[in-house]
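If you read the sequence shown in our numbering, its first letter stands for residue 86, the second for the next number, and so on.
Even glycine gets a Cβ: it sits at the ideal position worked out from N, Cα and C.
Data first, discussion second: the structure below is written as structure tokens.
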Amino acid sequence: MYAISEIYLSIYLSIYLSIYLSIYLSIYLSIYLSIYLSIYLSIYLSIYLSIYLSIYLSIYLSIYLSIYLSIYLSIYLSIYLSIYLSIYLSIYLSIYLSIYLSIYLSIYLSIYLSIYLSIYLSIYLSIYLYLYLSIYLSIYLSIYLSIYLSIYLSIYLSIYLSIYLSIYLFIYLSIYLYIYICLSIYLYFFSQSQSVMCLN
86 MYAISEIYLS IYLSIYLSIY LSIYLSIYLS IYLSIYLSIY LSIYLSIYLS IYLSIYLSIY
146 LSIYLSIYLS IYLSIYLSIY LSIYLSIYLS IYLSIYLSIY LSIYLSIYLS IYLSIYLSIY
206 LSIYLSIYLY LYLSIYLSIY LSIYLSIYLS IYLSIYLSIY LSIYLSIYLF IYLSIYLYIY
266 ICLSIYLYFF SQSQSVMCLN
């Protein structure tokens, strides 16, 4: 009995202490942590944010402004210079080139084209005519010969085959009829002789 009561007390105390400690510790820790964290975080965040923001803003603004100004100036100058140079060069080059090219091209083209065209046309026409005539004649002759040979062979073969077949069939039928008549006569006389022999 004493051992059972000890076991019962130990179980009861363990259950009671576990429930009590869980409730007490949860309430205590929640209150303690809320107060501690509120004080700690307020002090820590105020110090941290003041230091961090001062450093961050100084670095960020210096970097940002340097990058921004460099990009802005580079873009602005590039656009400005590109527009200015394009307009200036277009006007300058248009005037300069129009005058220069008109004089230069008129002289150069007159001389160059006269020489070039004379040589080019002579070579081109000779090659072109040669190739054209060779290709044209080859195609024309191939088509002409194919049509001509097809018509010629069809007519020739039809006439030849008709004559050949008529002669062949005539000879074949005449021989066949001759053999057939001879055999029929032979069989007739043979049957007659056999019948006479039987009567005797």
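- When rounded, the separation of the alpha-carbon atoms in S223 and L250 is 38 Å.
- Distance from the CA of L98 to the CA of I112, rounded to the nearest whole angstrom, comes to 21 Å.
- Between the alpha carbons of S280 and L242 lies a distance of about 55 Å.
- In this structure, the straight-line span from the alpha carbon of I144 to that of S179 is close to 50 Å.
- CA-CA distance, I244 to L234, rounds to 15 Å.
- Every candidate alpha helix (DSSP H) stretch fails here, since none sits fully inside the stretch 243-267 while reaching 4 residues.
- Put simply, the backbone Cα of S163 is about 22 Å away from that of I148.
- A distance below 8 Å between beta-carbons, with the five flanking residues on each side excluded, links I252 to no residue of its chain.
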